[in-house]
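In our numbering, the protein residues as written are 5 to 173. Cβ atoms here follow ideal geometry from the backbone N, Cα and C, with glycine treated the same way.
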Amino acid sequence: MRVYVPTTLTGLAAAREGGALEQSAAYAVTPALREWYVSDDIEELEYAALNRAAQASLRLLAAEPDAPRRRVVVALDVADASVRPFPGDEYQDQASLGRVVLAGPVRLAKAAAVHADVSDDEVVTDVAAAVAAVAAADAGDQDAQFTVDGAEDHDLLWFATQEIPSLLA
């Protein structure tokens, strides 16, 4: 099963150092995501799961004020048995759609790719604004949601796993 694990550049550096992603929250193509997205195209559904993970990366960045303001998502192929359903109600809000829980740390060596924002000033500024607004957006503030959505205007770039060192440089 392909899962998308949200992280930050700081989290990715720690995973590279320790060899594993400690983050247990991930996103995947779940029945709720399929129902919400109303598509049978697996590539579209995986892109939707990737975007959910990118939104979760904003929340991780909000908890790490010193982390570079770039969203990071690690795409991994894991055994179905290592993925558990989200223990809350996946339908409670859009941020929960596609959310799953990994049974434990996942070795970074299992990563298929890393998706991250480019270090362009405009993108970093928009992501920083989204990070500052994400809590208010989660509370229902429509103006803050508009700011958060602005970060989604920037697609995450695809990086091969051997490019992780240069991504972290």
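query = What does DSSP give as the partner residues of W162 in its beta bridges?
reply = For the purposes of this step, residue 162 is taken as the residue at position 158 of the sequence shown. DSSP output for W162 lists H119 as bridge partner(s).
Neighbour-count burial assignment, S170, 16 or more Cβ in a 10 Å radius = Here residue 170 refers to the residue found at position 166 when the sequence shown is read from its first residue. Its Cβ having fewer than 16 others within 10 Å, S170 is exposed.
Reduced DSSP category for A173 - H, G, I as helix; E, B as strand; rest coil = In the sequence shown, counting from the first residue as 1, residue 173 sits at position 169. In this structure, A173 counts as coil in the three-state DSSP scheme.
key: Span of the alpha helix (DSSP H), counted from its first residue to its last, around D147   = Along the sequence shown, read from residue 1 onward, the residue named residue 147 stands at position 143. That run of the alpha helix (DSSP H) goes Q146 to E156.
ask   = Among residues of its own chain, excluding the 5 on either side of D130, which ones have a beta-carbon nearer than 8 angstroms to its beta-carbon?
value = The residue given as residue 130 occupies position 126 in the sequence shown. Same-chain partners within the cutoff: G154, A155, D157 and H158.
ask   = With a Cβ-Cβ cutoff of 8 angstroms, do R74 and D121 count as a contact?
value = For this step, residue 74 is matched to residue 70 along the sequence shown. For this step, residue 121 is matched to residue 117 along the sequence shown. Yes; because the gap between Cβ atoms is below 8 angstroms, this pair is in contact.
query = Apart from the five residues on each side of it in sequence, which residues of its chain come closer than 8 angstroms, Cβ to Cβ, to G108?
reply = For this step, residue 108 is matched to residue 104 along the sequence shown. Hits under 8 angstroms: S28 and S86.
request  = Determine the closest residue to E47 out of E26, V7 and S123, with distance taken between C-alpha atoms.
outcome  = For the purposes of this step, residue 47 is identified with residue 43 of the sequence shown, where counting begins at 1. Here the closest residue by C-alpha is V7.
task = Tell me whether P69 sits in a helix, a strand or coil according to DSSP, three-state version.
result = Numbered from 1 along the sequence shown, position 65 holds the residue referred to as residue 69. DSSP places P69 in coil when its eight states are reduced to three.
task = Determine the extent of the alpha helix (DSSP H) in which D81 is found, giving its start and end residues.
result = Taking the sequence shown and counting its residues from 1, one reaches residue 81 at position 77. Note, D81: premise wrong, no alpha helix (DSSP H); beta strand (DSSP E) at V76 to D81.
query = Based on Cα-Cα distance, which residue from A134, V105, W40 and V82 lies nearest to P91?
reply = Here residue 91 refers to the residue found at position 87 when the sequence shown is read from its first residue. Minimum Cα distance to P91 is reached at V105.
task = Specify, as a first and last residue, the run of the alpha helix (DSSP H) that T14 falls within.
result = Counted from its first residue, the sequence shown places residue 14 at position 10. Run containing T14: L13 to G22, per the alpha helix (DSSP H) assignment.
message = Using a Cβ-Cβ distance cut-off of 8 angstroms, determine whether A164 contacts chain C.
response = Annotation note: the requested chain C is absent from the structure, which comprises a single protein chain.
query = Closest by CA to W162, which one among A133, A115 and A173?
reply = For the purposes of this step, residue 162 is taken as residue 158 along the sequence shown, with counting starting at 1. Residue A115 is the option with its Cα nearest to W162.
ask   = Just checking my contact of A52 with L37 at CB under 8 angstroms: how many whole Å lie between their CB atoms?
value = Along the sequence shown, one-based indexing puts residue 52 at 48. Along the sequence shown, one-based indexing puts residue 37 at 33. 6 angstroms between Cβ atoms; contact.
request  = Could you check what DSSP says for A33 in three-state terms: helix, strand or coil?
outcome  = As a first step, residue 33 is located in the sequence shown; it is residue number 29 there, counting from the start. One point to set straight first is that residue 33 is Val, not Ala, in the sequence displayed. Coil at V33, not helix or strand.
task = Give the straight-line distance between the Cα atoms of A83 and V110, rounded to the nearest whole angstrom.
result = The count along the sequence shown starts at 1 and reaches residue 83 at position 79. The count along the sequence shown starts at 1 and reaches residue 110 at position 106. Spanning the two alpha carbons is a distance of roughly 11 angstroms.
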